[in-house]
Amino acid sequence: MRLAYLALPLFALAACSQEPAAEGDAAGMEATAPLEDATLDLQATGITIPAQNGFEQLDVPFGSMRAPTEATLANVVGASTGTFDAVEGETDCRLNGTSFEGISVSFNADSFVGYYATAPYVPQLTRAEMLADPAVSLVEESSLGEEFTIGEGEQIISGVFSGAGDDAVVEALWAGENCIAR
């Protein structure tokens, strides 16, 4: 089972058009298979890929260039499933990005600026377990549903639960710049 771990004290833890990745994009992404049981450490400042399967720890902070970011992720999570581009005038989203199974990464001027993750890269924890951590707070009256944040200030991770009950699970996590329709 692949898990994501968030940097928390108690837990190890778009509105854009979808188009297939063009041939030749991010060299090496096309033929890459995911690592078995790959893990990602999703952080408010980017992504850390913990040491696993013979690879050393790799840090992919926000601000990293697009091609190396895509290639690094492809080596761990598998080939890209597509790209998305900002469509001038059709949306407020001005970001381009690349999608992989379970995670999409956003770029602005070829600089890594955000991610949006779903299973298998979100914690397999219930709402009750997440909210037991003092670093996790619910967002009151969110238009996204059962939204929460991890951390405080400008460097936070946002997310949504699958429902309001204590047994609801983490459905998605995101940090940095993203196209989230509110």
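With mature numbering (1 follows the signal peptide of the UniProt record, and there is no 0) applied, the sequence shown corresponds to residues -21 to -1, 1 to 161, in that order.
Ideal placement from N, C-alpha and C gives every residue a C-beta, glycine not left out.
Excluding its 5 nearest sequence neighbours in each direction, T51 has C-beta neighbours in its own chain below 8 Å: I28, L37, V39, listed in chain order. In this structure, DSSP gives L14 a state outside helix and strand, which the three-state scheme calls coil. Only exposed fits N32, as fewer than 16 other CB atoms lie within 10 angstroms of its CB.
Taking the Cα of F140 as reference, the smallest distance to any Cα among E133, V149, A98, Q134 is reached at V149. The distance from the Cβ of V92 to that of E35 is about 25 Å, inconsistent with a contact at the 8 Å cut-off. Just so you know, the alpha carbons of A46 and S78 end up roughly 13 Å apart. Between A23 and I136 the beta-carbon gap is near 5 Å, inside 8 Å, which marks them as a contact. Classified as exposed, P113 has fewer than 16 neighbouring CB atoms from the shown chains inside 10 Å of its CB. Membership of P40 in the beta strand (DSSP E) is indicated by the continuous run 37 to 40. Taken in chain order, the unbroken stretches of beta strand (DSSP E) that lie wholly in the segment 76 to 120 and span 3 residues or more are 82 to 87, 90 to 96, 115 to 117.
Annotated three-state conformation of T51 is helix, per DSSP. I26: member of the beta strand (DSSP E) spanning 25 to 28, first to last residue. Looking only at E126, S43, E15, S83, the smallest Cα-Cα distance to T62 is reached by S83. If you look at E126, you'll find it in the beta strand (DSSP E) that goes 126 to 129.
Rounded to whole angstroms, V55 and P13 show a C-alpha spacing of 5 Å.
Residue environment for L21: buried (at least 16 other C-beta atoms within 10 angstroms of its C-beta).
Looking at the DSSP output, G138 sits in a beta bridge with F127, L152.
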